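In my numbering, the protein residues as written are 1258 to 1362.
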């Protein structure tokens, strides 16, 4: 799986809830992992409610924008998914890790 495919899978697996209706996170299309096998007995659905302002938990935002990925060869579908999620600025870990991943390091 390429980095673009991985980023797209991550972006598409996150389904957000708006104020009018709740949606369930869907990760059925992602490859199974050891964690999935460990959690097979847990059948509860995870729901996320989004309010007008979102504060990232555990991550500090940087001045690096997701728009900069268009210059680095990230697919249009991935950029569209990021845009649809209304993500504009990367967290520190995203800014530090996405560049080297795109370079193959």
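We put the CB at the ideal spot given by N, CA and C, even for glycine.
On a predicted model such as this, the values are computed, not experimentally measured, just so you know.
Would you call residue 1354 buried or exposed, if buried means 16 or more other Cβ atoms sit within 10 Å of its Cβ? exposed
Looking at residue 1319 and residue 1346, is the spacing between their C-beta atoms short of 8 Å? yes
For residue 1350, tell me which candidate among 1317, 1324, 1264, 1331 has the shortest Cα-Cα distance. 1317
Look at the Cβ atom of residue 1336, then the Cβ atom of residue 1327, and state whether they are nearer than 8 Å. yes
By Cβ distance, which residues of its chain are closer than 6 Å to residue 1264, with the 5 residues on each side in sequence left out? 1335
Residue 1340 versus 1331, 1358, 1323, residue with shortest Cα-Cα distance: Looking at the Cα atoms, 1323 is the closest of the given residues.
Residue interval of the alpha helix (DSSP H) (run including residue 1335): Element bounds for residue 1335: 1333-1341.
Would residue 1359 and residue 1329 qualify as a contact pair, given that the criterion is a beta-carbon distance under 8 Å? yes
Going by DSSP in three states, residue 1318 sits in which element: helix, strand or coil? Three-state DSSP puts residue 1318 in a strand.
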